[in-house]
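Residue numbers (the numbering used here): 87 to 584. Note that CB positions come from ideal geometry on N, CA and C, so glycine has one too.
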């Protein structure tokens, strides 16, 4: 798929450089341009001109007028974003006995993304002063080769064991996320390897109590030893590879025929991506690679209850606490419009999830859900935070985590072949972002309701058609900072099964 200009980029805005003031132009939110000036008033610009050119008073008024007047930078409308994705795989399943089965797979995936910044016949100058030359682009192509095997053994009436191994190699050709300092339109190569092994035991302790115990080991690494921070300056990568052991224990207690209690504890692991490790060029932003970037780990607790009130109504409520060590987040540096991915020492996200389901008959199904989330940086220190971070309404809040979310869905099976669905979701206003911060949270993402509709028609057992209308209310909203989400759109498809 390809996107030209439009909502692929952020809102158009007026920028005053000297005061770092950015004001979006809401009524043109699907256009892409920047109006920029150096000073907010002619008087301020005149004073600066006097200081910079004290012996040239004939220039003062000319410069003041130029520096306090908006200049339009329409350099985005010709940009092209294209993506290509492919997947090929083969599975082999063998029932070795009535208690043991084998499942193996080989797979290959291809994912490519390309941004063409300047498809005109002249160089383009951005409001920041950056120049995109004719034909300049960024592209990243990933080829992933993988294999996995899983054994499923019912050892007894009370124990079911799963054992699995999975590994893959990712060959990346990129202009953007290699260890080499980027040169315009020049590709470099990097390889990432991933390996995992796991063991799981599903233990039926009693007729009412079941436990699920698992242990997983993960390893991930890259084939490079150094990263080029600036041209010619190489720094050793201190975390070339990362690994982790992740245990998990879950209990499910069937208190009655219509009520179940559950609880779980576990640890999980995430390796930093190539983008988080090595990206330099992020559009109009600069990102500094972090050779010390480490894995993030999470310790999670959850407790919940499921209650079936009748054959028509059910309710599920759960509470969760996720404690993060070395959470990977992007943070502003001292330099303007420059960021670095780093590890937050301690962070915690806790909350409550609820879901109510109502099925009046076999043709109708209605569900509503609500989640409250409290997301805090437990290592926050105002004395070391940047001015950008302190400018948030709640500087301790983890960026881009909404406090309140809700959803609703209605499905109607109109006939044996036709199914209709309408669904909607609400996302509360974000309390913290990382780029365009202000104490009032003005223009922050979130605080929207979006509805979608779809239908599915099954012509026969082999052919099914689908039609969807996303954002049927044509709401102008954003989930990423100053990036408009798509307006009303339609998607049609056909599924063929043989």
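In the displayed model, residue 205 falls within coil according to three-state DSSP, outside both helix and strand. DSSP places residue 136 in no beta strand (DSSP E) but in the uninterrupted alpha helix (DSSP H) bounded by 128 to 138. Considering only 132, 104, 391, the residue with the shortest C-alpha distance to residue 340 is 391. According to the DSSP secondary-structure assignment, residue 531 is paired through a beta bridge with no residue. Minimum Cα-Cα distance from residue 435 among the listed residues 461, 568, 217, 418 corresponds to 461. Judged by their CB atoms, residue 262 and residue 164 are not nearer to each other than the 7 Å cut-off. Burial is judged here by how many other beta carbons sit within 10 angstroms of a residue's own beta carbon; residue 549 has fewer than 16 and is exposed. Remark: C-beta atoms of residue 119 and residue 154 do not approach each other more closely than 7 Å.
Minimum Cα-Cα distance from residue 351 among the listed residues 432, 405, 537, 109 corresponds to 405. Contact annotation: the stretch 470 to 479 does not touch the stretch 434 to 450, with fewer than three C-beta pairs closer than 8 Å. Going by C-alpha positions, residue 111 is about 45 Å away from residue 327. Within the stretch 428 to 471, the complete beta strand (DSSP E) segments at least 3 residues long are 450 to 463, listed from N- to C-terminus.
Rounded to the nearest angstrom, the Cβ distance from residue 575 to residue 557 is 7 Å, consistent with a contact under 8 Å.
For residue 360, the enclosing alpha helix (DSSP H) covers residues 360 to 364. Counting every other CB atom within 10 Å of its CB across the protein chains shown gives residue 532 a total of 16 or more, marking it as buried. Assigned with DSSP and collapsed to three states, residue 148 falls in helix.
For residue 582, the enclosing beta strand (DSSP E) covers residues 575 to 582. With respect to residue 456, residue 504 sits apart: the two C-beta atoms are not nearer than 7 Å. Going by C-alpha positions, residue 176 is about 27 Å away from residue 308. About 41 Å separates the beta carbons of residue 373 and residue 299, which is beyond the 8 Å limit, so they are not a contact pair. Using a 10 angstroms sphere on the CB of residue 579, the tally of other CB atoms stays under 16, which defines it as exposed. If one requires a minimum length of 3 residues, the beta strand (DSSP E) runs lying completely within the stretch 336 to 389 are 345 to 356, 371 to 373, in chain order. Relative to the Cα of residue 485, the nearest Cα in the group 431, 521, 271, 554 belongs to 521. Counting C-beta pairs closer than 8 Å gives three or more between the stretch 211 to 226 and the stretch 245 to 261, which meets the contact rule. Fully contained in the stretch 150 to 212 is no alpha helix (DSSP H) run of length 4 or more. Counting C-beta pairs closer than 8 Å gives fewer than three between the stretch 195 to 208 and the stretch 242 to 249, which falls short of the contact rule.
Annotation: residue 467 to residue 371 spans about 25 Å, alpha carbon to alpha carbon. Sequence-distant partners of residue 471 (beyond 5 residues in either direction) whose C-beta falls short of 8 Å from its own C-beta, in its chain, are 481.
One Cα belongs to residue 567, the other to residue 530, and the distance between them is close to 7 Å. In the DSSP assignment, residue 473 falls outside any beta strand (DSSP E) and within the unbroken alpha helix (DSSP H) covering 473 to 476. From the listed residues 294, 232, 359, 319, the smallest Cα separation to residue 276 is found for 359.
Between the stretch 262 to 274 and the stretch 309 to 318, the count of Cβ pairs shorter than 8 Å is three or higher; the stretches touch. Non-local beta-carbon contacts of residue 423 in its own chain, meaning distances under 7 Å to residues more than five positions away in sequence, involve 214, 370, 371, 372 in chain order. For residue 320, the enclosing beta strand (DSSP E) stretches over residues 319 to 322.
In this structure, residue 324 keeps its C-beta atom at 7 Å or more from the C-beta atom of residue 397.
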